[in-house]
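Some notes on the structure that comes next.
Residue numbers (the working numbering): 9 to 158.
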């Protein structure tokens, strides 16, 4: 399973969102409730949800000692899903500095690097296509201009 492409079921997101907002309304949001909602959000197919999930996870990471490993891991996932690969890798390096043998995090790092490589190649192909198109337009323009002179 590709964690970066795994999306939350809409009914799961709604369920955890409802629980979170009930706790928020009663001013009794626990780290567990916040984490479960954030975990769903970073797995959403909508970037606004992912961004909100990242915010909630960062808040948990800064203010809570328990669960830091999970918060950090899903921050990496969230940033990678937003294509903010440098931030994701920064968090992964921090994680691996403390736990160099963590296979799950090392696997996520490999997955992110593979995605970066793939998107880099796609980006270069798109840029190459643009250069070819611009070259063709310039050539046509020059041909038309030279016909107009003769």
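Backbone N, C-alpha and C define an ideal beta-carbon position, used for all residues, glycine too.
Is it the case that the Cβ atoms of residue i and residue j are separated by a distance below 9 angstroms?
i: residue 120; j: residue 88; result: yes
i: residue 68; j: residue 81; result: no
i: residue 18; j: residue 72; result: no
Work out the CA separation of residue j and residue i for me, nearest whole Å.
i: residue 27; j: residue 41; result: 7 angstroms
i: residue 128; j: residue 101; result: 21 angstroms
i: residue 10; j: residue 85; result: 11 angstroms
i: residue 36; j: residue 75; result: 18 angstroms
i: residue 13; j: residue 33; result: 32 angstroms
i: residue 95; j: residue 30; result: 32 angstroms
i: residue 22; j: residue 62; result: 18 angstroms
i: residue 57; j: residue 97; result: 21 angstroms
i: residue 122; j: residue 70; result: 29 angstroms
i: residue 90; j: residue 55; result: 7 angstroms
Throw me the rounded Cβ distance for the residue i and residue j pair, which I believe falls under 8 angstroms.
i: residue 15; j: residue 53; result: 5 angstroms
i: residue 124; j: residue 93; result: 5 angstroms
i: residue 66; j: residue 83; result: 7 angstroms
Can you give me the Cβ contacts of residue i inside the same chain, cut-off strictly under 8 angstroms, excluding the 5 residues immediately before and after it?
i: residue 25; result: 45, 48
i: residue 104; result: 110, 113, 114, 117
Report yes or no: is there a C-beta of chain B within less than 9 angstroms of the C-beta of residue i?
i: residue 75; result: This model lacks chain B altogether, as it is built from one protein chain only.
In its own chain, which residues sit with a C-beta less than 6 angstroms from the C-beta of residue i, not counting the 5 before and 5 after it?
i: residue 126; result: none
i: residue 64; result: 42, 46
i: residue 133; result: A caution first: residue 133 carries a pLDDT of 48, below 50, which makes its placement in the model unreliable, though a value can still be read off. None.
i: residue 77; result: none
Might you give, ordered along the chain, the residues of its own chain that have their beta carbon closer than 7 angstroms to the beta carbon of residue i, omitting 5 neighbours on each side?
i: residue 20; result: 48
i: residue 51; result: 14, 15, 16
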